[in-house]
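Protein chains: 2
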Amino acid sequence: MTGGYLKGRIRREDIIAAAVAVYAEAGYHGSSLREIAKRAGITHAGLLYYFPTKEALLAAVLERRDAENVERERLAIPPGLDFLRHMLALAAHNVRHRGMVDLYSRLAAEAVAPSHPAHDYFARHYAVAREHAELSFRAVAEAGGLRAGVDPAQAGLCFVALMDGLQVQWLTGPERVDLVAAMRFYLEGVLTVPLE
Amino acid sequence: MTGGYLKGRIRREDIIAAAVAVYAEAGYHGSSLREIAKRAGITHAGLLYYFPTKEALLAAVLERRDAENVERERLAIPPGLDFLRHMLALAAHNVRHRGMVDLYSRLAAEAVAPSHPAHDYFARHYAVAREHAELSFRAVAEAGGLRAGVDPAQAGLCFVALMDGLQVQWLTGPERVDLVAAMRFYLEGVLTVPLE
DNA sequence: CCTACCGATCGGTAGG
DNA sequence: CCTACCGATCGGTAGG
């Protein structure tokens, strides 16, 4: 007699997982509720019982991405050298989980349009990422670990931008780009302390 | 009695210009021949008289982008410090021509899928860009202008990736990102010679 | 959750 | 170059 709610939550998770896969392949505008529903094993009308519109499903996907990141990526990590190290580990993790990188890169490019339903999400995401990176470089600088003359704000902006740009090149030709080595190259050029 | 061919060429240019604008706003998959045709002042069937399929129009757009770049960007510039300076000038140019940056960023992200009709174009584009940047840093190194221990290959890859990543952040919030200053920051951190 | 349906839009073709 | 059309697909709703 119990379990009704549980089943619903599992269904929701199935649908979200299917949406992540399809968004990654086709982008948001390019994907259809029917294709997502099929992969989740229901009809598209059934999907709309759980998520009333196409946009509501996108919102749920972005929410779950954040929830995962808060748990695993731990923005809770205080800004500083450890955070930069952690981003390197995240890059290594991403290389083994192409789906999430695909999703992120496709949606970020689509969402530059202010009318895109994920625009505000990415504007906020970038602001937070830049801020956290800048504070990290600033903390490292105060500990004497930053090369002379390096501006923490610029270093933070470039760190975030580099990660994004490398991901697109890596997705385009995975065998041609060593994402983690390139990130390490950048950090080693800016820091005066060892990374590990 | 003359001019028939000329008129056709002008029409083609109108259609391509309209396609650039629509691709930039909606991506390739997200744009329709009807919308592009409307902006060019004809019907979608009329457009198909000039470009027989949706893919043929995309190919024409990419070809024109290359033609423009060969002329203005001059990959003819030999690898070296002048090429890096030129990329800075190109970044400054891009900031005043958002449409081309939009088009490029949207298509690049879409085209990471090997099945995308522009995939090979971007794979080649990235390979050429990395190669040219690497050779530039190598030339600078031989003239003693590269900081000790900097690998030209990594510096080239990161230079190209940084440009792409900055463009997406700049498109998402133009008032929050100074694209040219960030590029300059990166170059000044890697080079030991002044940029201007 | 499904069946059945709606109006809108898509790329492409026929025929002129 | 246009009118007129095709089959396919879209997001969403009704009604159960």
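First to last, the protein sequences are chains X and S. The letter at position 35 of the first sequence is residue 35 when you use our numbering, and the numbering goes up by one with no holes. The letter at position 70 of the second sequence is residue 1070 when you use our numbering, and the numbering goes up by one with no holes. For glycine and all other residues, C-beta sits at the position ideal for the given N, C-alpha and C.
Exposure of residue i, with buried meaning 16 or more beta-carbon neighbours within 10 Å
i         : result
Ala91/X   : buried
Asp120/X  : exposed
Ile15/X   : buried
Asp82/X   : exposed
Gly41/X   : exposed
Gly1149/S : exposed
Ser115/X  : exposed
Val70/X   : exposed
Glu1196/S : exposed
Tyr49/X   : exposed
Glu55/X   : exposed
Val61/X   : buried
Val112/X  : buried
Tyr28/X   : buried
Segment limits, alpha helix (DSSP H) that includes residue i
i         : result
His125/X  : His119 to Glu142
Gly145/X  : Where Gly145/X is concerned, there is no enclosing alpha helix (DSSP H), given that its DSSP letter is neither H nor E.
Ile1036/S : Leu1033 to Ala1040
Val1180/S : Leu1179 to Val1190
Closest Cα partner of residue i within the set the options
i         : options                                       : result
Leu166/X  : Arg1098/S, Tyr1126/S and Trp1170/S            : Tyr1126/S
Leu58/X   : Ala89/X, Glu175/X, Val95/X and Ala108/X       : Ala108/X
Gly99/X   : Val20/X, Arg85/X and Arg124/X                 : Val20/X
Ala155/X  : Ala143/X, Arg138/X, Trp170/X and Gln169/X     : Arg138/X
Gly145/X  : Arg176/X, Pro194/X, Leu179/X and Pro114/X     : Pro194/X
Leu1047/S : Glu1175/S, Gly1008/S, Glu1142/S and Ala1148/S : Gly1008/S
Pro1174/S : Leu103/X, Ala76/X, Ala123/X and Phe159/X      : Ala123/X
Leu1135/S : Val1070/S, Leu1084/S, Arg1184/S and Met1183/S : Leu1084/S
Ala1143/S : Gly1080/S, Ala1067/S and Ile1036/S            : Gly1080/S
Phe1104/S : Glu1035/S, Glu1013/S and Tyr1023/S            : At residue 1104/S the sequence reads Tyr, which differs from the Phe that was named. When each option's Cα is compared against that of Tyr1104/S, the closest is Tyr1023/S.
Pro1078/S : Ile1010/S, Val1095/S, Glu1131/S and Glu1055/S : Glu1131/S
Ala1182/S : Pro1117/S, Ala1141/S, Val1095/S and Val1128/S : Val1095/S
Thr1172/S : Ala1045/S, Asp1102/S and His1093/S            : Asp1102/S
Ala18/X   : Leu6/X, Glu63/X and Leu33/X                   : Leu33/X
Phe999/S  : Ala89/X, Leu162/X, Val168/X and Thr192/X      : Coverage of chain S is limited to positions 1001 through 1196, which leaves residue 999/S absent and any answer about it impossible.
Leu88/X   : Gly189/X, Val180/X, Ala153/X and Arg106/X     : Val180/X
Trp1170/S : His97/X, His93/X and Cys158/X                 : Cys158/X
DSSP state of residue i mapped onto helix, strand, coil
i         : result
Leu6/X    : helix
Leu1195/S : coil
Ser1115/S : coil
Pro1152/S : helix
Glu175/X  : coil
Arg1165/S : It should be noted that the sequence gives Gly, not Arg, for residue 1165/S. Helix at Gly1165/S.
Met1/X    : A caution first: Met1/X carries a pLDDT of 40, below 50, which makes its placement in the model unreliable, though a value can still be read off. Coil at Met1/X, not helix or strand.
Tyr1104/S : helix
Tyr28/X   : coil
Report task. Would you list, in sequence order, the uninterrupted alpha helix (DSSP H) runs of no fewer than 4 residues that lie entirely inside the region 1044-1102 of chain S? Result -> Counting whole runs of 4 or more residues, the region 1044-1102 of chain S contains the alpha helix (DSSP H) stretches 1044-1050, 1054-1072 and 1081-1095.
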